[in-house]
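Each residue of the sequence shown is one higher than the one before, counting from 1 in UniProt numbering.
Glycine included, each C-beta is placed from N, C-alpha and C at the ideal position.
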Amino acid sequence: MDSLDPTLVKLISSLCFGMAAALLGFAGYRSLQSDGSASNANVDPSMRRSEMRRRAMQDSPGITILLAWLRIPATFISRLGLPALRKYVRAPYARAGYPGGLDDDELLSLGVVLGIVMAVFSGFSAAVVFGPQFALLGIGFLPAGFLVMVSSLKSKAEARELRIVRSMPYVLDLIVLILRSGTSLNVALQRVVKDYADHPVGDELGQVLAEIDMGSPRVEALRRWADRVPSPDINALADSIVQSEELGWPLADTLERQADRMAAERVLQAQSKAGAAGVMVMIPSTLVLVAAVILLFGPMLVRFLQGGFQLK
Numbered sequence: 001m002d003s004l005d006p007t008l009v010k011l012i013s014s015l016c017f018g019m020a021a022a023l024l025g026f027a028g029y030r031s032l033q034s035d036g037s038a039s040n041a042n043v044d045p046s047m048r049r050s051e052m053r054r055r056a057m058q059d060s061p062g063i064t065i066l067l068a069w070l071r072i073p074a075t076f077i078s079r080l081g082l083p084a085l086r087k088y089v090r091a092p093y094a095r096a097g098y099p100g101g102l103d104d105d106e107l108l109s110l111g112v113v114l115g116i117v118m119a120v121f122s123g124f125s126a127a128v129v130f131g132p133q134f135a136l137l138g139i140g141f142l143p144a145g146f147l148v149m150v151s152s153l154k155s156k157a158e159a160r161e162l163r164i165v166r167s168m169p170y171v172l173d174l175i176v177l178i179l180r181s182g183t184s185l186n187v188a189l190q191r192v193v194k195d196y197a198d199h200p201v202g203d204e205l206g207q208v209l210a211e212i213d214m215g216s217p218r219v220e221a222l223r224r225w226a227d228r229v230p231s232p233d234i235n236a237l238a239d240s241i242v243q244s245e246e247l248g249w250p251l252a253d254t255l256e257r258q259a260d261r262m263a264a265e266r267v268l269q270a271q272s273k274a275g276a277a278g279v280m281v282m283i284p285s286t287l288v289l290v291a292a293v294i295l296l297f298g299p300m301l302v303r304f305l306q307g308g309f310q311l312k
């Protein structure tokens, strides 16, 4: 079997090293962005973590193996403390909905493992491209594990918040129907949690109900929900519910107005995106037109410049 071309190996390694550097830069930029959430958004996050861990282990048996392996470095990380690093990864992990139900030690262990993998990968690529003496450059990619992890968590959090906001008009319509039947808000929320058991909005409203059952006032539970999901729509909804209860307004009418407002905003957003899509389509169309003109008249222009056209 013929050996690989050294030039090809260096080309592939340089591409890998460049991709690793670009990923590190992007992850660092994403990680330094403010997540806009309070660090004490949950009263008892261990309840949510336990539930998410149970779901993850049911959905994928591989999670059980991963958790078992993460416990090995987690035992050493727990002795180090690292309060600043724990605070750094805890907020985006809470916003993402505690995927996998990892505790703080396991979460830090995952960042360490990712950093080691990226350091080995980048060090090998640097050694192939620049020489063995540059293999130690991979050490600089050790923090990339935490940067990539936090960046991924923030992306998951944004997608999760978008799912919650998009579902709110339907959720509010359901709550309004239940309230108009003569039941209380807690009963309506219980029905929503049951119907949206596999949806982020069900998880969040279930957390609200759990806090109320533990003795927390409904106003504070709704405020903490708005802190966990830093969206203007959720903040406006929580404020309207609190104001309606304080002033004695009919809650069903208030929620119905909020549902209509959210639905109207979704229509406006869809219209604006459709208008922007029409403008973006013009860019490739213009490029295709320019390419066609060059193909048609380019050879004639070249022959003219070379003196191919002569008047007789």
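The DSSP-derived three-state label of tryptophan 225 is helix. Linking leucine 114 to glycine 145 through their CA atoms gives a straight-line distance of about 4 Å. The beta-carbon distance between alanine 56 and glycine 101, rounded to whole angstroms, is 6 Å. This is short enough to meet the 8 Å contact definition.
In this structure, the straight-line span from the alpha carbon of leucine 172 to that of threonine 64 is close to 37 Å.
The DSSP-derived three-state label of glutamine 190 is helix.
About 15 Å separates the Cβ atoms of glutamine 207 and leucine 237, ruling out a contact at the 8 Å cut-off.
Burial of glutamate 161 is indicated by the presence of at least 16 other C-beta atoms within 10 angstroms of its C-beta. DSSP places proline 232 in the uninterrupted alpha helix (DSSP H) bounded by 232-247. When DSSP states are grouped into helix, strand and coil, aspartate 213 belongs to the helix group. Runs of the beta strand (DSSP E) lying entirely within the segment 144-192 and spanning at least 3 residues: none are present. Using a Cβ distance threshold of 7 Å, valine 112 and proline 73 count as a contacting pair.
The three-state reading of DSSP puts serine 50 in helix, counting H, G and I together. Looking from the CA of arginine 49, the closest CA among Ile178, Arg95 and Pro284 belongs to Arg95. In this structure, DSSP gives tyrosine 98 a state outside helix and strand, which the three-state scheme calls coil. Here alanine 197 carries a coil assignment [DSSP, helix/strand/coil]. With respect to the C-alpha of leucine 108, the residue from Phe134, Gly131 and Arg71 having the closest C-alpha is Arg71. In the same chain as methionine 168, and ignoring 5 residues on each side of it, the C-beta atoms closer than 6 Å to its own belong to Met262, in chain order.
Residue nearest to threonine 254 within the set Arg228, Glu265, Asp239 and Leu268 is Asp239 (criterion: CA-CA distance).
Counting along the chain, the unbroken alpha helix (DSSP H) around serine 125 starts and ends at 104-130.
Methionine 118 counts as buried, since no fewer than 16 other beta carbons sit within 10 angstroms of its beta carbon. Between the segment 148-166 and the segment 179-189 there are fewer than three C-beta pairs closer than 8 Å, too few to call the two in contact.
Rounded to whole angstroms, valine 176 and arginine 86 show a C-alpha spacing of 41 Å. Distance between aspartate 198 and isoleucine 164, taken at the CA atoms: about 12 Å.
Selection Val267, Pro200, Leu110 and Asn235 evaluated against lysine 156 yields Pro200 as nearest (Cα-Cα).
For the set Gly131, Phe76 and Lys273, the Cα lying nearest the Cα of aspartate 105 is the one of Phe76.
Nearest to alanine 226 by alpha-carbon distance, out of Glu220, Asn235, Tyr93 and Arg218, is Asn235. Cα atoms of leucine 174 and leucine 67: separation of roughly 38 Å, rounded to the nearest angstrom. With 16 or more neighbouring CB atoms inside 10 Å of its own CB, proline 92 falls in the buried class. In this chain, the alpha helix (DSSP H) harbouring alanine 74 covers 61-80. Between the alpha carbons of aspartate 195 and serine 285 lies a distance of about 46 Å. In this structure, the beta-carbon distance from phenylalanine 141 to serine 122 falls below 7 Å.
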